[in-house]
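Student: Using UniProt numbering, you'd call the opening residue of the sequence shown number 1 and step up by one each time.
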Amino acid sequence: RDGQETSWTSEDGDVPVLTERKSGKRPQGTQEISVNTAQPTTSVTNTDLVAVIVALKQTTEALQSQSRRIDEQNLRLDALERNQRPQRNNSPQRRHHRSRSPPRQETVKQRRPA
């Protein structure tokens, strides 16, 4: 594996704790002595499992209901935002086509020099 050894210990009273430690070469002068610290295990009953499943179903239903409410609120907010935007007319905007030449000047009558 990844150089780690996994073992069960019961450091926290009645609760078994899964611990990991680096495996590899150990000093030869020390040996691991297994101590029987077996504690009575509590089995999980079908009633316990049913209670957990019921709680999970209730949580799922509550989350789905909340999600539906949020979706409805988002739809209302979108509608409000659309109504607050300036209304655009679907007809195309009038565009003034400008010619590339400069605009015509009014004809100025030439005066005779006096």
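Ideal placement from N, C-alpha and C gives every residue a C-beta, glycine not left out.
If you reduce the DSSP assignment to three classes, tell me which class Q58 lands in.
Tutor: Sequence index remark: in the sequence shown, residue 58 carries index 58 (1-based). Helix, per DSSP.
Student: What is the rounded straight-line gap between the Cα of R69 and the Cα of V50?
Tutor: Taking the sequence shown and counting its residues from 1, the one referred to as residue 69 is at position 69. Taking the sequence shown and counting its residues from 1, the one referred to as residue 50 is at position 50. In a straight line, the C-alpha of R69 is about 29 Å away from that of V50.
Student: Please return the same chain residues whose Cβ sits closer than 7 Å to the Cβ of S43, not counting the five positions on each side in sequence.
Tutor: Working through the sequence shown from its first residue, we reach residue 43 at position 43. Cβ neighbours of S43 beyond the five flanking positions: none.
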